Every structure is written in C-alpha cells, then in structure tokens.
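Numbering (our numbering), first residue to last: 424 to 685.
Some notes on the structure that comes next.
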C-alpha cells in the first residue's frame, strides 16, 4: 500500500474546487480546506494547515507510538499537498519530483523505541524531504479511530457495514470497530466483497459460517485483536495482517478471519 499516493492542490478556484491525481488518473475533487484560510495567491500557511488537521483529528487527545502532526518543517506556505501511507523513500522522491510543499501520511517517523540517530535509511529520508523543502505531516492512531475521516470509517463503508460501535483495545479507545451487514452473505461472498472494495484478494481463514451478518474490523496490524472480536460475538473479523497464532484463535473461536493487507 505504500506505493499508492494522491496529489492535491490547495489552490482555490471560483467554485471552491481543487484537483487531485491518483496514479495516472486525474479528476476534480472538493477542496476540504476552509477557503478563508487561503491567501490571495491561493496558498495556505503551513502552521494553519497543521492547526486545522490537529483539531480535526483530535491529535492531542490520543497517546500514540509516534508524534502526530508536524514532524518535519519545510515550506512556510503550501500549495501542493501529496498524501500516502508511509513516508518511505519512494514516496518522498515522488513528492520531491512533483514539487510538493507538504506530504501527509499515516505512517511517519520517530517511532517509540526506534534508534534516535538520524543515519542510514533515516538520514536519506530526512535529507530528501529537507532538500525538497517539503513539510512532513503524520497522523497514526488519530486516523485509525476518527469516526468520519479515518481509515476504519472508510473500510466499514467499503464492507457495507453499519457501525454499531467502537471499542477500546491495546489501551486505545475506539480502535476496534464492529457492526452489521445489511444482508447476510456467505464467507466466500464476503471475501469477494473485500477484494472488490480494496483491489486486493484477502487471506482468508474460514470458520465454516454459512452466513455472515456481524463483523468487527481494525485496519493495519490488528491481527491480535481477533480474541477481542470473538468476545463481541461477531462472525467475521477483518484486519490488515495475519500471524500463524491468530489463525488458530480464529478457527477455535469460530470467527472467520480476513487479512486484506497493511
């Protein structure tokens, strides 16, 4: 998933629209930034964008494994914004080549317990961003739990699930989502729905259910939450990754397990 990114322009037009590009396809998209923040040149000051995103995503209220928000300072004003999953070298080089003033990602830098020294791979990444004068903005758990703009919120919509609630797991309130499908479907049909919605065939551990109605989900590395999902009494659990141990938990607890990639 780290090879997929989107390009956005924050320059406003008369009808309040910008343009973004995903892969080779380009289409019009609504500008989500308050137009009053745009200067006469159509650009936004970097601190104002950071303030807006911090407030929108409730970044200060969530304890995380890495700093959320503004991780690296670049251009003081932003016209071009690129988004992606991980601030890896290929994405940074793409942002630099496109002339992005800011890169907004889910997986940023400076994770808890990682070596603090900026050498090797980390140095190359930081240098690429600095030489391009590109800001780095990162939001991890705030995007996992946000009820509207988060990745779990979007996954629920793609699964066709009505959200019943969000539960605390691993000390993070709202990280595990659960809900119901409008119509029960078989396990194979649900796997096909995941593949269609995410353009990726999931790894699937069957629990032998003829029909699935209740489902829990957590994007990313949430495979160890299968027990918490089973405690909810759901028939299926969807996450990003899978581990050998979690396949046994799923089978023995009667939960169909679908891993769709991180």
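For every residue, glycine included, the Cβ atom is placed at its ideal position computed from N, Cα and C.
This one's a predicted model, so the numbers in the text were calculated from it and none came from an experiment.
Contact annotation: residue 644 and residue 685 have beta-carbon atoms nearer than 7 Å. Non-local C-beta neighbours of residue 639 in its own chain, meaning closer than 7 Å and more than five positions away in sequence, comprise 599, 600, 601, 652, 655, 657 and 660, ordered along the chain. When the beta-carbon positions are compared, residue 503 and residue 522 come within less than 7 Å of each other.
Contact annotation, residue 529 with residue 508: C-beta distance approximately 5 Å; criterion of less than 8 Å satisfied. The alpha-carbon separation between residue 492 and residue 572 amounts to approximately 16 Å.
In terms of Cα proximity to residue 603, the closest of 540, 546 and 581 is 581.
Burial state of residue 585 is exposed, judged by a 10 Å Cβ sphere holding fewer than 16 other Cβ atoms.
For residue 606, the enclosing beta strand (DSSP E) stretches over residues 595 to 608.
Per the coordinates, the alpha-carbon of residue 619 lies some 14 Å from the alpha-carbon of residue 681. For residue 615, the secondary structure class from DSSP, reduced to helix, strand or coil, is helix.
Nearest neighbour of residue 667 by Cα position, chosen from 677, 646 and 524, turns out to be 646. Within the same chain, and ignoring the five residues on either side of residue 500 in sequence, the residues whose Cβ sits closer than 6 Å to its Cβ are 466 and 468.
In this structure, residue 525 lies near residue 558, with their beta-carbon atoms less than 7 Å apart.
Annotation: the continuous alpha helix (DSSP H) that includes residue 671 extends over 667 to 676. Looking at the backbone, the Cα of residue 488 and that of residue 533 are separated by about 9 Å.
At the C-beta level, residue 677 and residue 630 come within 7 Å of one another.
Residue ranges of uninterrupted beta strand (DSSP E) with 3 or more members, entirely inside the segment 480 to 539 and ordered along the chain, are 492 to 495, 503 to 509 and 525 to 530. Per DSSP, reduced to three states, the secondary structure at residue 581 is helical. Going by DSSP, residue 571 is part of no alpha helix (DSSP H) at all; its letter is neither H nor E.
Annotation for residue 547: the continuous alpha helix (DSSP H) segment containing it runs 543 to 554.
The Cβ atoms of residue 610 and residue 679 lie closer than 7 Å to each other. The beta carbons of residue 495 and residue 565 sit no closer together than 7 Å.
Within the same chain, and ignoring the five residues on either side of residue 637 in sequence, the residues whose Cβ sits closer than 6 Å to its Cβ are 603, 657 and 658. Residue environment: residue 589 is assigned as buried (16 or more neighbouring CB atoms within 10 Å of its CB, all protein chains considered). Shown here, residue 468 sits in a strand according to DSSP, grouped into three states. Within the same chain, 586, 600, 602 and 640 come within 7 Å of residue 579 by CB-CB distance, once the 5 residues on both sides are set aside. Of 477, 485, 476 and 472, the smallest CA-CA separation from residue 591 is found for 485.
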